[in-house]
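Input: a single structure, listed below in structure tokens.
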Amino acid sequence: MTEPIGLPDAPPLGESALPAGTFDGMCVLVTGGGTGLGKAIALEFARLGADLVIASRKEEHVEAGRAAIAELGRRALAVTCDIRQPDDVAAAFDAAEAALGLPGVLVNNAAANFPVPAEDMSPNAWRTVVDITLNGTFFCAREFGRRHLAARTPGSIVNVGASYAWTGGPGFAHSAAAKAGVKNLVETLAVEWGPYGIQVNGLVPGLFPHEDMTTDIQGALGTRSEKDSLQPAMRAGRPRELGWAATFLASPYARFISGHTLVVDGANWQRRTLTMASVVTVRRQMGKGPFDPDERR
Ligand code: NAP
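Once you know that position 291 of the sequence shown is 459 in the working numbering, the rest is easy, because the numbers rise by one and skip nothing.
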């Protein structure tokens, strides 16, 4: 029998590998926790007893995250915050401490991304994505680290990354470079802050479609057919699977895991083909015409 069957599907939503109450009484701050994968991660922490702080720029996003957590019967605080602004980040931590206590876990999930050939990328697009994804992640980690060092308390950081941190990301030069920085930061901070009780890990999602994906990204995915068969797993990831990985990394059962980046993608990033596929330019993959130097500066 050689027909592919793919990796088995995940257990149903609501199940967990960790004991109930693993995060009872702990405050967890998730940036970008009101949408997509950040929300899925926040909900898994809530299912295990955590109180949540949902931080991002848009009121409607943080409110959606807060409402979803409240539905699970946990306390939740919605804070509007632009992670590019260190003062905003400090204010979000102040609000978190006042309402729910110093977060014991920080999930650096917020990021920005859209596909664009490198030759068409404006300096503003480059700066914006790097500023949110790399600088924002550092500002949040820095705030978390400083507060725990001052309080002499342990903590755990999970930085959400992407596998093109290792491979490069054609069509995503800004995001791939920023995520490479985020992965590197995991390794540096884990060593710097291990002595102070702070564990730092990375978590890399593979293909995890969700309803909040930007139309740009949905469009890029939509140009392919039968997405599942393009993955070695023969299926996409379920957002809860990412939540289970994040809660494990931040749990007492992973205390000796630090400086590690865990890839949850059904081995897609390691895929190589036996025969070489033809090279198709990013422009062509995106259905763009020839490069026009006068079109964008
Ligand atoms: P998403 O739905 O686009 O969420 C991005 C989140 O970041 C939003 O909640 C957004 O909220 C927040 N955000 C953006 N800029 C911000 C800023 N300046 N300050 C504060 N918050 C900001 O993305 P996603 O697909 O769930 O992805 C989540 C993470 O997984 C990202 O780190 C992404 O790179 C990574 N990832 C995802 C996939 C996938 O298949 N989906 C694959 C690989 C990696 P506001 O708009 O309210 O600010």
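Don't be surprised by glycine CBs; every beta carbon is placed ideally from N, CA and C.
All values reported here derive from a predicted model rather than from experimental measurement.
Option in the options with minimal Cα separation from residue i
i, options, result
"residue 356", "369, 345, 346, 344", "369"
"residue 304", "349, 283, 183", "349"
"residue 195", "378, 226, 171, 244", "244"
"residue 265", "176, 203, 376, 311", "311"
"residue 275", "226, 325, 458", "325"
"residue 404", "268, 451, 436, 342", "436"
"residue 230", "241, 201, 418", "201"
"residue 358", "426, 282, 262", "426"
"residue 176", "451, 401, 453", "401"
"residue 246", "227, 255, 262, 306", "227"
Counted within 10 angstroms of its Cβ, other Cβ atoms place residue i as buried (16 or more) or exposed
i, result
"residue 181", "exposed"
"residue 392", "Residue placement at residue 392 cannot be trusted, given a pLDDT of 49 that sits under 50; what the coordinates show is reported in the next sentence. Exposed, by the Cβ-count rule."
"residue 439", "exposed"
"residue 468", "With the chain covering 169 to 465 only, the question about residue 468 has no answer from this structure."
"residue 407", "buried"
"residue 460", "exposed"
"residue 215", "buried"
"residue 363", "exposed"
"residue 271", "buried"
"residue 411", "buried"
"residue 315", "buried"
"residue 447", "exposed"
"residue 319", "exposed"
"residue 397", "exposed"
Rounded straight-line distance, which links the Cα of residue j to that of residue i
i, j, result
"residue 463", "residue 449", "19 Å"
"residue 232", "residue 442", "45 Å"
"residue 428", "residue 354", "7 Å"
"residue 432", "residue 413", "8 Å"
"residue 399", "residue 172", "11 Å"
"residue 280", "residue 300", "6 Å"
"residue 179", "residue 421", "20 Å"
"residue 445", "residue 344", "22 Å"
"residue 116", "residue 308", "Residue numbering for the chain in the displayed model covers 169 to 465; residue 116 lies beyond these limits and cannot be assessed."
"residue 379", "residue 204", "7 Å"
"residue 347", "residue 294", "13 Å"
"residue 193", "residue 374", "31 Å"
"residue 327", "residue 257", "16 Å"
"residue 220", "residue 198", "7 Å"
"residue 341", "residue 251", "21 Å"
"residue 185", "residue 458", "51 Å"
"residue 333", "residue 213", "26 Å"
"residue 296", "residue 207", "23 Å"
"residue 189", "residue 218", "8 Å"
"residue 322", "residue 366", "5 Å"
"residue 268", "residue 183", "26 Å"
"residue 292", "residue 187", "46 Å"
"residue 478", "residue 287", "Nothing in the structure corresponds to residue 478, since the chain is present only between 169 and 465."
"residue 336", "residue 330", "10 Å"
"residue 236", "residue 283", "30 Å"
"residue 290", "residue 352", "25 Å"
"residue 273", "residue 376", "23 Å"
"residue 452", "residue 361", "45 Å"
"residue 191", "residue 174", "33 Å"
"residue 313", "residue 241", "29 Å"
8 Å contact criterion, which residue i and residue j should meet: CB distance rounded
i, j, result
"residue 260", "residue 210", "Actually they do not touch by this definition, with Cβ atoms about 14 Å apart."
"residue 417", "residue 371", "6 Å"
"residue 456", "residue 285", "7 Å"
"residue 248", "residue 225", "6 Å"
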